[in-house]
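Numbering (this note's numbering), first residue to last: 824 to 1257.
Even glycine gets a Cβ: it sits at the ideal position worked out from N, Cα and C.
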Ligand code: UGA
């Protein structure tokens, strides 16, 4: 099929590349000339595991092309994906200006039937808005479909190629059939394509993210309570996760959720509720608890150093909001580092991918280390903010040798508490024995 994708951010690029991989002819449109030029030369502008291989393969096979011309994109695709940014407004709601501006252009420029697919995370009712903006100028038939994505950063290619479900919000049979045809190669294993009205599809996306954020937050509260009463959150997690009604995933406590999705979407849903006089009390609490959770290690660090952190050197392992990404948006590491800097500490930081992004934000306020061990040299303590695999089995001897004090504050519960004790560390994690 002929597909166009407007917007080559994270979602657009993964969508375009993976659709090309199943034999579709894909044209990706972006207004950023330099970025388009780079992509034409085979450079993937984001860090996402496995995307580069698919990218190169499909460009070579001429199934994946890039352009700055919206006209070209609109002419090419029978299905047009909108994968445009919906940043957070000052009041927490989603800013739809990119989506609606492009919709206006679409109305003016389309010459024959198109299915316009909203892939961005957008508030309930956006499909309707997009439809009426296009209809103002369109001289041909078209349909607007909501098709939210459930890609996780770091696993996006796999999530796209093997989705647990596809959601199609559509009230047009013709558009639904085209969408089903497009997605059928991805659900051969029998996973469902669920067709529903547009508003329910739009809300499905917010509800999924808000639910997962709530699940994590609930576990973070249980972890905090475990510390008060001497229980072990790992045990509680294993205990409840084996109940299939609860499920094992997204029960890992830590220093809070971050990223470009959960924080933004939870706030947007909270705001959307307010707009119709609905107070999402549970989301109010999730936001408040998560914000506090990001610095839950601080009092523990303070306590260890007897409230005298001034002049101390702290090593930080992990800066990205989660492993397998260079994304630092809403990363807990930022909150911890800002608080530690304010207390007069010197920070020696390491992350396998996110250092350039952190450097842009913190500049020379931090010392950037070449390796995880270099970050430890002469440090008074180690703080772990992201659970990158390379941190999971460190050389404990080296750790003790390089750190001034054998103390580790672990925001992601990477190590076994007893092992750390045996190795001679003071080991402080979340929701487990101090
Ligand atoms: C999330 C959703 O998982 C995707 O389904 C969705 O498509 C995406 O948002 C989006 O809306 O675009 P993502 O933000 O990439 O994906 O990352 P997750 O793997 O979901 O992690 C989010 C945050 O939760 C991270 O900060 C992670 O450290 C934290 N987390 C996750 C926990 O603290 N505990 C857990 O058990 C799981």
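By Cβ distance below 8 Å, which residues in the same chain neighbour residue i in space, the five residues on each side in sequence not counted?
i: residue 1146; result: 977, 1209, 1210, 1211, 1212
i: residue 783; result: The requested residue 783 is not part of the displayed model; the chain covers only 824 to 1257.
i: residue 861; result: 868
i: residue 1132; result: 1124, 1125, 1163, 1166, 1167, 1168
Closest to residue i by C-alpha separation, out of the options, would be which residue?
i: residue 1082; options: 907, 1117, 1169; result: 1117
i: residue 928; options: 1242, 1221, 957, 1234; result: 957
i: residue 1170; options: 854, 921, 1000, 1201; result: 1201
i: residue 1085; options: 838, 1241, 973; result: 973
i: residue 832; options: 920, 848, 938, 943; result: 943
i: residue 824; options: 1187, 938, 934; result: 938
i: residue 990; options: 1138, 1001, 1013, 1018; result: 1018
i: residue 874; options: 1220, 983, 899, 1101; result: 983
i: residue 1198; options: 1186, 1180, 1224; result: 1224
i: residue 844; options: 884, 949, 1131, 930; result: 884
i: residue 865; options: 871, 853, 894, 881; result: 881
i: residue 834; options: 906, 853, 1121, 856; result: 906
i: residue 1248; options: 941, 1220, 1100; result: 1220
Using a Cβ-Cβ cutoff of less than 7 Å, which residues in the same chain neighbour residue i once the five nearest sequence positions on both sides are dropped?
i: residue 1092; result: 1029, 1033, 1103, 1106
i: residue 926; result: 953, 956, 957
i: residue 1090; result: 911, 915, 1110
Is residue i near ligand 1 - that is, is its Cβ less than 7 Å away from at least one heavy atom of it?
i: residue 841; result: no
i: residue 1080; result: yes
i: residue 1234; result: no
i: residue 1254; result: no
i: residue 1034; result: no
i: residue 1221; result: no
i: residue 1121; result: no
i: residue 974; result: yes
i: residue 944; result: yes
i: residue 1074; result: yes
i: residue 1039; result: yes
i: residue 963; result: no
i: residue 1085; result: yes
i: residue 1144; result: yes
i: residue 1131; result: no
i: residue 1149; result: no
i: residue 1259; result: With the chain running from 824 to 1257 in the structure shown, residue 1259 is simply not present.
i: residue 1102; result: no
i: residue 1088; result: yes
i: residue 1077; result: yes
Between the C-alpha atoms of residue i and residue j, what's the straight-line distance to the nearest angstrom?
i: residue 1123; j: residue 1006; result: 49 Å
i: residue 985; j: residue 967; result: 25 Å
i: residue 1015; j: residue 999; result: 14 Å
i: residue 886; j: residue 1172; result: 41 Å
i: residue 960; j: residue 987; result: 37 Å
i: residue 1052; j: residue 969; result: 47 Å
i: residue 979; j: residue 1144; result: 16 Å
i: residue 1231; j: residue 1214; result: 12 Å
i: residue 1246; j: residue 1020; result: 57 Å
i: residue 965; j: residue 827; result: 15 Å
i: residue 891; j: residue 1254; result: 50 Å
i: residue 932; j: residue 888; result: 20 Å
i: residue 876; j: residue 922; result: 30 Å
i: residue 1048; j: residue 908; result: 38 Å
i: residue 840; j: residue 851; result: 9 Å
i: residue 1069; j: residue 1058; result: 15 Å
i: residue 962; j: residue 898; result: 14 Å
i: residue 1190; j: residue 830; result: 35 Å
i: residue 1136; j: residue 918; result: 41 Å
Going by beta carbon distance, what residues of the same chain come within less than 6 Å of residue i, once the five residues before and after it are set aside?
i: residue 947; result: 1022, 1025, 1026
i: residue 1060; result: 1074
i: residue 903; result: 827, 937, 939
i: residue 810; result: In the structure displayed, the chain extends from 824 to 1257; residue 810 sits before or after that span and is not available.
By DSSP, does residue i sit in helix, in strand, or in coil?
i: residue 888; result: strand
i: residue 1191; result: strand
i: residue 1245; result: helix
i: residue 1109; result: helix
i: residue 1160; result: helix
i: residue 1001; result: helix
i: residue 1049; result: helix
i: residue 992; result: strand
i: residue 927; result: helix
i: residue 933; result: coil
i: residue 1034; result: helix
i: residue 1178; result: helix
i: residue 1238; result: coil
i: residue 1250; result: strand
Please decide whether residue i counts as near chain D, where near means a Cβ-Cβ distance under 8 Å.
i: residue 999; result: No chain D appears in this structure, which consists of one protein chain only.
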